[in-house]
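Colleague: This is the structure I have questions about; it appears just below.
Numbering (the working numbering), first residue to last: 25 to 602.
Next comes the structure, spelled out in structure tokens:
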């Protein structure tokens, strides 16, 4: 709900209230130029138009001193202006409110009582310094909040406890989701990260790379003991500040369309066939997609998808590839194989973003392949990256849903402390709030640190300043390739996370009927090969060598030559290079 409202710009009519003189904050943003050599870049897609941005005369210094509260007359005029504007929601982000939210509370009290008006205040949504990021996050929360509240009201069921997934990999209550809707953006992929980490642990693999390939896009993530997080997420070009699992998305999926560009090169994605008309082999589409390439190369049979309930037309897929093959001057099979190589290259680059670009060698990790298409590409991509292990979950087609069931309840608390010396009282206040709002939860302390003068931070566990600084030097070296132990380190933001594990279903292996279908010709390893087709239950405990196709209800696993598949202890398939 929140993500689609943002991407389609179909959120609530929202106003933005800030300190007088800063009304252009959302439009100005940062001075970073996304298109360095474009002299006429397109204008920014604003959530809130300039005419709905209002200023309030007030001031608070960065150290919290010299407060000048907003005058009653100014607040009365603001209330009248918002009533005339007919807004449904308002985002309040005053300068330096992360230090003290008193002035924002005064604005909220002045606007209370306006019928149907939702109010988001920055010191609750994102109590951190950097006014643009704080304003953007608060504006997003206000923009999607009314839609989420209406959705959750319809969803309420007094007979059951309903929880909502967050982007940080934990769940929250319905009431929290209605109040902090911005924390649900990108929560679906976060469920996949949690699911990948869970099935990895069940098979004794703590270091995994999640590879979630669906119909339109592919999401990749890295877990080394615990999933990696980020505080610098961009959603449709807008910064979102709450902690999120680090997920890198690329426009390559089963529905990604193939074409030849103006330079004569083969391209795959980001344009997708979508659900309607879908790939050509589904019976309606005309243009070749990645799924059609698998159908042409024998990797998907006519009655293979969804237990045979969804029939496909390999011959139609072949016809869709004819114009592409002619344009490239190759055979239809060569064109289909080329489409898969290009898609694999795009997805391999995404995996390098979350691993190699973070100073992490992916070769020691297992690739957890899920989503409907993940298993058809996993081994070939692992080979390209030098990885030796692929984990194919038993519930590959619905692993994101499983991850949501396994997620703990999580609540994050933060406070901006830049320039503060004694941090223990501030940590104590956050911990007290966490205990009050999340009784019985386990508390974790963290802090955002940086070298003095830097404009970016790294988050490390907090067990005292000396220990945190030592961890920061290590993290900086791993991330950026160097550390400066003698340089002063400053604490920018402190964080407390309240985590409470909820009852989770056991990851017990399910009994799957052993079925062996007639072998068929499959193009793999550069040529056509006679390939056995089996169900997951038919894979021998001793392991079976490739080439092999393992067909599940919600996904298909391709085991190429040189790889060997065997069932794991928790019912998943583990595929290793021979």
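Just so it is clear, CB atoms sit at the ideal spot from N, CA and C, and this is done for glycine as well.
#1: Helix, strand or coil for residue 298 per DSSP?
#2: For residue 466, list the residues DSSP reports as bridge partners.
#3: Taking 7 Å as the limit between beta carbons, can you name the residues of its chain near residue 31, skipping five residues before and five after?
#4: Taking its Cβ as the centre, do 16 or more other Cβ atoms sit within 10 Å of residue 256, making it buried, or is it exposed?
#5: At 4 residues or longer, and completely inside the segment 381–467: list those alpha helix (DSSP H) runs for me, N to C.
#6: Decide if residue 224 is buried, meaning its Cβ has at least 16 other Cβ atoms within 10 Å, or exposed.
#7: When the Cα atoms are used, what is the spatial distance from residue 616 to residue 116?
#8: Taking C-alpha atoms, which residue in 35, 140, 370, 434 lies nearest to residue 171?
#9: Among 342, 203, 39, 291, which residue has its Cα nearest to the Cα of residue 305?
#10: Please report the distance separating the alpha-carbon of residue 504 from that of residue 477.
#11: Around the C-beta of residue 64, are 16 or more other C-beta atoms found within 10 angstroms, so that it is buried, or is it exposed?
#12: When burial is assigned at 16 or more other CB atoms within 10 Å of the CB, is residue 525 buried or exposed?
#13: For the structure I just gave you, are there three or more beta carbon pairs, one from the segment 440–449 and one from the segment 514–525, closer than 8 Å?
#14: Could you check if residue 60 is buried or exposed, using at least 16 other CB atoms within 10 Å of its CB as the buried criterion?
#15: Flag this pair as touching only if the segment 90–108 and the segment 124–137 have three or more C-beta atom pairs under 8 Å; answer yes or no.
#16: Could you give the distance in angstroms between the alpha-carbon of residue 294 and the alpha-carbon of residue 362?
#17: Cutting at 7 Å between CB atoms, please list the residues of its own chain near residue 496, excluding the five before and the five after it.
#18: At the level of alpha carbons, what is the spacing between residue 197 and residue 554?
#19: Tell me which same chain residues have a C-beta within less than 8 Å of the C-beta of residue 72, skipping the five on either side of it?
#20: Run through DSSP, which three-state label would residue 358 get?
#21: When you compare the segment 214–221 with the segment 389–406, are there three or more beta-carbon pairs, one atom per stretch, that lie closer than 8 Å?
#22: Helix, strand or coil: how does DSSP classify residue 316 here?
#23: Determine, using beta-carbon pairs with one atom in the segment 376–387 and one in the segment 534–552, whether at least three such pairs fall under 8 Å.
#24: Take the Cβ of residue 184 as the centre, count every other Cβ of all protein chains shown within 10 Å, and call the residue buried at 16 or more, exposed below.
#25: Check whether the segment 339–353 and the segment 366–376 are in contact - that is, three or more C-beta pairs closer than 8 Å.
#26: Taking the CB atoms as reference points, tell me whether residue 531 and residue 593 lie closer together than 7 Å.
#27: I'd like to know whether the C-beta of residue 470 is nearer than 7 Å to at least one C-beta of chain C.
#28: Specify the secondary structure class of residue 150 as computed by DSSP and reduced to three states.
#29: Given a cut-off of 7 Å, decide if residue 269 and residue 193 are closer than it, judged by their beta-carbon atoms.
#30: Looking only at C-alpha atoms, which of 452, 364, 265, 326 sits nearest to residue 313?
#31: Does the beta-carbon of residue 265 have 16 or more other beta-carbons within 10 angstroms, so that it is buried, or is it exposed?
#32: For residue 321, count neighbouring C-beta atoms within 10 Å of its own C-beta (all shown protein chains included) and say buried if the count is 16 or more, exposed if not.
#33: The beta strand (DSSP E) with residue 79 in it runs from where to where?
#34: Less than 7 Å between the beta carbons of residue 489 and residue 462, yes or no?
#35: Would you mind reading off the limits of the alpha helix (DSSP H) that contains residue 217?
#36: Here's a check: name, in chain order, each residue in its chain whose Cβ is nearer than 7 Å to the Cβ of residue 605, leaving out the five neighbours to either side.
Modeller: Quick answer:
#1: coil
#2: 523
#3: 260
#4: exposed
#5: 398–409, 423–430, 448–461
#6: buried
#7: What the structure shows of the chain is the stretch from 25 to 602, and residue 616 is not part of that stretch, so it cannot be assessed.
#8: 35
#9: 342
#10: 16 Å
#11: Exposed, since its Cβ has fewer than 16 Cβ neighbours within 10 Å.
#12: exposed
#13: They touch, by the three-pair rule.
#14: exposed
#15: The answer is yes - the segment 124–137 touches the segment 90–108, with three or more Cβ pairs under 8 Å.
#16: If you take the alpha carbons of residue 294 and residue 362, they lie about 16 Å apart.
#17: Around residue 496, the same chain offers 473, 482, 484, 513 as residues with beta carbons nearer than 7 Å, after the five sequence neighbours per side are excluded.
#18: 52 Å
#19: 38, 39, 40, 50, 115, 163, 167
#20: helix
#21: Output reads yes: the segment 389–406 touches the segment 214–221.
#22: It is helical.
#23: no
#24: Looking at its Cβ environment, which holds fewer than 16 other Cβ atoms inside 10 Å, residue 184 is exposed.
#25: Segments in contact, no.
#26: no
#27: Absent from the structure is chain C; it holds one protein chain and no more.
#28: coil
#29: Taking 7 Å as the Cβ cut-off, residue 193 and residue 269 qualify as a contacting pair.
#30: 364
#31: buried
#32: buried
#33: Looking at the DSSP string, the run of the beta strand (DSSP E) that includes residue 79 is 77–80.
#34: Annotated as distal: residue 489 and residue 462, with beta-carbon spacing of 7 Å or more.
#35: Where residue 217 is concerned, the enclosing alpha helix (DSSP H) stretches over 211–226.
#36: The first residue shown for the chain is 25 and the last is 602, placing residue 605 beyond what the model contains.
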